[in-house]
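Just below is one structure, and these are the notes that go with it.
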Amino acid sequence: MDDDCEVLLVAGLAKMLGRTEASIREGIRRGVTWIPKGFKMGVRHCWLKEDVREFLIACRDGEIKAPKFGRKRHEPPTLLSLSSTGVQ
């Protein structure tokens with residue numbers, strides 16, 4: 001694809017993100033958060049190059065974080081908190 005083109009297709013996005021085309025397509029199918037918001041032109045998935053750059057900058061700056069999976073963890077009890085509740 002030309003470097004002066006402002007619209008990226010799956011191959012261009014994969015190259016920009018350092019991923020394979022298959023992982024990009026699978027990410028689109030699953031709706032993952034590590035792929036920037038795109039649009040469709042006909043049957044093709046497309047992204048604006050500037051939007052992808054802004055997405056990468058936001059990821060770098062910590063504005064976009066991956067969701068944490070699993071159950072929420074509770075803070076472990078301390079000896080001080082156990083002694084104040086009367087637990088022996």
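For the sequence shown, full-length UniProt numbering gives the first residue as 1, with consecutive numbering after it.
Cβ atoms here follow ideal geometry from the backbone N, Cα and C, with glycine treated the same way.
- The C-alpha of Lys40 lies about 6 angstroms from the C-alpha of Cys46.
- DSSP, read as helix, strand or coil, puts Lys72 in coil.
- Taking the Cα positions, Lys72 is about 27 angstroms away from Arg29.
- By the Cβ test, the region 48-63 is not in contact with the region 19-28, since fewer than three Cβ pairs between them sit closer than 8 angstroms.
- Linking Ala11 to Gly70 through their CA atoms gives a straight-line distance of about 33 angstroms.
- Beta-bridge annotation (DSSP): Leu80 is not paired with any residue.
- In the DSSP assignment, Lys49 falls within the alpha helix (DSSP H) that extends over Lys49 to Arg60.
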